[in-house]
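Novice: Please read through the structure below; I'll follow up with questions.
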Amino acid sequence: MTPNQLLESLNALPADAPLVFHTEAGPIGDGYHVTELKHARITSIDCGARVAQWDEASLQLLDGQGEEHMAVGKFSAIVRQSIRRVKALAECPMHVEFAHGNSGLRIYQLSGPRLEEGVVAVHLAEGRARCKPALEQAAAGSEGGCCGAGARTQCCR
44 MTPNQLLESL NALPADAPLV FHTEAGPIGD GYHVTELKHA RITSIDCGAR VAQWDEASLQ
104 LLDGQGEEHM AVGKFSAIVR QSIRRVKALA ECPMHVEFAH GNSGLRIYQL SGPRLEEGVV
164 AVHLAEGRAR CKPALEQAAA GSEGGCCGAG ARTQCCR
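Its first residue numbered 44, the sequence shown is counted upward by one per residue in our numbering.
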């Protein structure tokens with residue numbers, strides 16, 4: 044999901060409804076704070092020695108300790124202003140950086156917001172490391188990837 048896609052989804056929901064992010068460990072605390080929305084241009088080399096480049100966006104949230112959950116309208120205004128000032132954010136795939144209790148920051152993928160009992164909920168799911176060459180080989184129906192033909196290391200399963 045991109046910041047623009049998130050905004051489009053939020054526009055269809057009540058602006059005054061509380062926006063609550065949820066992880067497997069539970070909801071973000073009341074009074075959470077959007078610490079930053081950042082754009083990054085990534086250049087990487089994978090375990091198959093292939094260089095790749097892409098853009099991505101990160102939404103960093105500070106866990107709250109009281110008060111109220113941020114309203115959909117306020118959150119949307121923050122994202123809109125961020126996109127106006129950093130235009131490259133708009134169409135980048137976005138992840139969320141967050142930690143309950145603000146310790147042990149984790150990276151999450153976000154689902155589309157949904158209205159659930161008067162609250163707009165965004166569910167966050169943890170990602171995992173993946174071997175891109177092995178995934179591409181598996182998708183193509185062949186074995187190998189970075190580990191060579193017939194290899195049985197953890198990344199090639």
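Heads up, the beta-carbon is just placed ideally off N, CA and C, and yes, glycines get one too.
Please read all numbers here as calculations on a predicted model, not as lab measurements.
1. So, are the CB atoms of Ala164 and Pro176 less than 8 Å apart?
2. Return helix, strand or coil for Glu51, following the three-state DSSP convention.
3. Helix, strand or coil: how does DSSP classify Val63 here?
4. Tell me the rounded alpha-carbon separation between His82 and Ser185.
5. Classify Ser87: buried if its beta carbon has 16 or more other beta carbons within 10 angstroms, exposed otherwise.
6. Going straight from the alpha carbon of Ala181 to that of Gly91, what length do you get?
7. Just how far apart, CA to CA, sit Ala172 and Gln152?
8. Using a Cβ-Cβ cutoff of less than 7 Å, which residues in the same chain neighbour Val122 once the five nearest sequence positions on both sides are dropped?
9. In angstroms, rounded to a whole number, what distance separates the CA positions of His136 and Arg84?
Specialist: According to the data block:
1. The criterion of a C-beta distance shorter than 8 Å is not satisfied by Ala164 and Pro176.
2. Here Glu51 sits in helix by DSSP.
3. Taken through DSSP and simplified to helix, strand or coil, Val63 comes out as strand.
4. So the alpha carbons of these two residues sit roughly 35 Å apart.
5. Its Cβ having fewer than 16 others within 10 Å, Ser87 is exposed.
6. Near 14 Å, if we compare the C-alpha coordinates of Gly91 and Ala181.
7. Near 13 Å, if we compare the C-alpha coordinates of Gln152 and Ala172.
8. The answer, listed in chain order, is Pro46, Leu49, Leu50 and Leu80.
9. Before going further, note that residue 136 is Pro rather than His in the sequence given. Near 11 Å, if we compare the C-alpha coordinates of Arg84 and Pro136.
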